[in-house]
Amino acid sequence: MTRRLIFEIEEQVCPVCGSKGEITIDHERGQVVCRACGTVIREGIADLGPEWRKPESSRAYSGPMGASIGDIEYGNVKITDKLKALSLKKFSRPISTPLERVESEIREFLESAKEKLNIPKTVVEETVILYKKLYDAGYRAPRLESYAAVLYFTLKRHSIPSVTLKKIVEGLGIERSSFISAYMELMKVANQLGIKPPRVDPKVYIPKIVSALGLGDEKSAEVQRIAVDILRYITSIPRIKNGRKPQVLAAAAVFFACYIAGVEITQKEVAKAADSTEGPVRELLKDLSNVLYIEITV
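Numbering follows UniProt numbering, with no gaps: position 288 of the sequence shown is 288.
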């Protein structure tokens, strides 16, 4: 039977005789010793494998009782080893249901995504709760794509513009078409549960787009102020707003705001700043040219 020793051997060289590769562990006495000279390098090492609840006479510990607490909870294990053991015990707990397995896997995925995309902890916890609810309702998209889709759904709920669809797909190494399919399936199941799709205010994208253009502090403040006013007008026209991504609406507002503020930018530059392609932005600007008029004073 495989056993684990909750101890990392740091001493590769005997501090007394200087022998290398002669360091070994005496499991019966709970000691780290040098086979060359017999020096006891460390004591109080406990074997915490599947059989850690041994009779008192055979427990692998030889240190003083006053410096120890029990085998994990009750036996003879040093406090430092106890903390390691409890951590391993938590993660080695047998998973009894499919939902527990799913939760364990999505948490592992989200921890990786949190580091790569700088996602807030609150979003991670909400994503886990939402995924479990969707899974119970029959959501069965491909594993990684489904995790990413629920994460994106939660990010949109929190109106976090810095983590775009493009960043999720590229940052997590997911195929875009598979992700879109998983997200559409998510929306279908969410609708059945009465979970309304998140509505993102396009205004949250304006600071991000302006910052990406690198206009400088003074011009950035002016462009943002004008863009908010233009966006308010754009979103008041249903036939212009409906069916368009919020970042595209914000990009169009920033483009016109730059024109008014005397900043020269191209459609390609503003589309890139919005993490969009040039086509949707160009099409929106064309539609807006028939309803948006800018007065120029000479």
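Glycine included, C-beta positions come from ideal geometry on N, C-alpha and C. No experiment lies behind these values; they were computed from the predicted model shown.
For the alpha helix (DSSP H) holding residue 154, just list the boundary residues, first then last. 143-157
Quick check on DSSP: helix, strand or coil for residue 177? helix
Which whole-angstrom value is the C-beta distance of residue 274 and residue 205, which I expect to be below 8 Å? 6 Å
Sorted by chain position, which residues of the same chain lie with C-beta nearer than 8 Å to residue 280's C-beta, five sequence neighbours on each side aside? 244, 245, 248 and 271
Tell me whether residue 222 sits in a helix, a strand or coil according to DSSP, three-state version. helix
If I'm right that residue 182 touches residue 149 with Cβ under 8 Å, what's the distance once you round it to whole angstroms? 4 Å
Selection from 184, 20, 189 and 291 that minimises the alpha carbon distance to residue 236: 291
Looking at the secondary structure, which residues open and close the alpha helix (DSSP H) in which residue 22 lies? Looking at the DSSP string, residue 22 is not in any alpha helix (DSSP H), and its letter there is neither H nor E.
Of the residues 123, 258, 178 and 170, which one's Cα is nearest the Cα of residue 153? 123
How would you write the range of the beta strand (DSSP E) that residue 43 sits in, first residue to last? 40-43
Taking 8 Å as the cut-off, decide whether the C-beta atoms of residue 221 and residue 172 are in contact. no
Figure out for me which residue from 119, 201, 17 and 189 has the closest Cα to the Cα of residue 241. 201
Between 118, 36, 160 and 99, which has its C-alpha nearest residue 130's C-alpha? 99
Pick helix, strand or coil for residue 34, following the three-state DSSP scheme. strand
Mapping DSSP to helix, strand and coil, what is residue 358? As displayed, the chain neither begins before 1 nor continues past 298, which places residue 358 out of reach and without an answer.
Roughly how many angstroms lie between the CA atoms of residue 238 and residue 170, to the nearest whole one? 32 Å
Closer than 7 Å by C-beta to residue 74: which residues in its own chain qualify, once you throw out the five before and the five after it? Chain order, please. Summary for residue 74: the model assigns pLDDT 49, below 50, so the residue's position carries little reliability; its value from the coordinates is reported in the next sentence. Excluding sequence neighbours, residue 74 sits near nothing in its chain.
Got a sec? Which residues, its chain only, sit under 8 Å from residue 167 by beta carbon, not counting five neighbours each side? 117 and 275
So what does DSSP say about residue 102, is it helix, strand or coil? helix
With distance defined between alpha-carbon atoms, name the residue in 127, 134 and 141 nearest to residue 157. 127
Inter-residue Cα distance where the pair is residue 61 and residue 159: The predicted model places residue 61 with a pLDDT of 44, which falls under 50 and marks its position as unreliable; any figure quoted below should be read in that light. Going from the Cα of residue 61 to the Cα of residue 159 covers about 55 Å.
Starting from residue 205, trace the alpha helix (DSSP H) in both directions and tell me its first and last residue. 205-213
Distance check for residue 23 and residue 17, CA to CA, integer angstroms please. 11 Å
Could you round the C-beta distance between residue 212 and residue 253 to whole angstroms and report it? I think they count as a contact, below 8 Å. Contact flag wrong, Cβ pair sits at about 14 Å.
Going by the CB atoms, is the gap between residue 174 and residue 144 shorter than 8 Å? yes
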